[in-house]
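Colleague:
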Ligand code: AMP
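Residue numbers (the working numbering): 68 to 297.
(1) Under three-state DSSP, which class holds residue 260?
(2) Under 9 Å, do residue 198 and residue 221 count as touching if we go by C-beta distance?
(3) Starting from the C-beta of residue 162, find all residues in its chain whose C-beta is less than 6 Å away, skip the five residues before and the five after it, and write them out in chain order.
(4) Are residue 146 and residue 164 closer than 9 Å when you measure CB to CB?
(5) Cutting at 8 Å between CB atoms, please list the residues of its own chain near residue 124, excluding the five before and the five after it.
(6) Which residue comes first and which comes last in the alpha helix (DSSP H) that contains residue 68?
(7) Would the stretch 260–274 count as touching the stretch 176–185 if we require 3 or more Cβ pairs under 8 Å?
(8) Does the Cβ of residue 248 lie closer than 8 Å to at least one heavy atom of the ligand AMP?
(9) Please classify residue 219 as buried or exposed, where buried requires at least 16 neighbouring CB atoms within 10 angstroms.
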């Protein structure tokens, strides 16, 4: 099963993708993570995108489509979670073509809805474990008092350079201008479902399970040991 998590920055796409990886053995493809990796390792492409990312603008379609193409051609998976991709209609069209070329298709698009005020609060309070990427929030899920990650025990945490109010304003604007038209695009294709991204992490997770169990054949959930949602 291949799915897209669609939503503004801070909607919780990365957090939910991590649960789906654990629960269903799917592979997360986050273009944001791939670009940050390129930036941190100082590749030519990383240098080109660093400034664009710091401002919160969108990297070119050509670059991100190239990143996804490479993954789809080289990674074997029972299902992909596209996190932060596609962000434009051109990327959405390209994804359909890339999946078709691999004999695959998109099964569901889940829109995570969160209001703007909550996004600002979430993003400016966000940090992640430097080793495993577990996401923390100063208010709702603080780093444990002993300073070790609850998921992997590491002790180094980081904040994203673009998690500040100025960059977030641009990121939100880009979302509404370039990415939100994808909601109508996927609705028209009969692929769109919505979850309330404002609830606590467990409640969002339960909503996601319910959506995906409705998409996947029941046997899939049973084989993976996933409990049905009451
Ligand atoms: P994210 O981690 O998904 O919030 O992405 C961080 C930044 O990487 C974005 O603000 C963009 O600058 C860039 N980026 C990530 N994915 C894409 C994409 N699909 N298209 C264009 N730019 C992207």
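Positions of the beta carbon are idealized from the N, C-alpha and C atoms, including for glycine.
Modeller: Checking against the coordinates, here is how it stands:
(1) Along the chain shown, one-based indexing puts residue 260 at 193. Looking at residue 260 - three-state DSSP - the assignment turns out to be strand.
(2) Against the chain shown, residue 198 aligns to sequence position 131. Against the chain shown, residue 221 aligns to sequence position 154. Against a cut-off of 9 Å, the Cβ pair of residue 221 and residue 198 comes out as a contact.
(3) Taking the chain shown and counting its residues from 1, the one referred to as residue 162 is at position 95. Excluding sequence neighbours, residue 162 sits near 153.
(4) As a first step, residue 146 is located in the chain shown; it is residue number 79 there, counting from the start. As a first step, residue 164 is located in the chain shown; it is residue number 97 there, counting from the start. Going by C-beta atoms, residue 146 is not nearer than 9 Å to residue 164.
(5) In the chain shown, counting from the first residue as 1, residue 124 sits at position 57. Closer than 8 Å at Cβ, skipping near neighbours: 237 and 241.
(6) As a first step, residue 68 must be located in the chain shown, where it is residue number 1. It is not in any alpha helix (DSSP H) - residue 68 carries neither H nor E in the DSSP assignment.
(7) yes
(8) The sequence position of residue 248 within the chain shown is 181, counting from 1. Checking the Cβ of residue 248 against the ligand AMP gives no.
(9) Taking the chain shown and counting its residues from 1, the one referred to as residue 219 is at position 152. Result: exposed.
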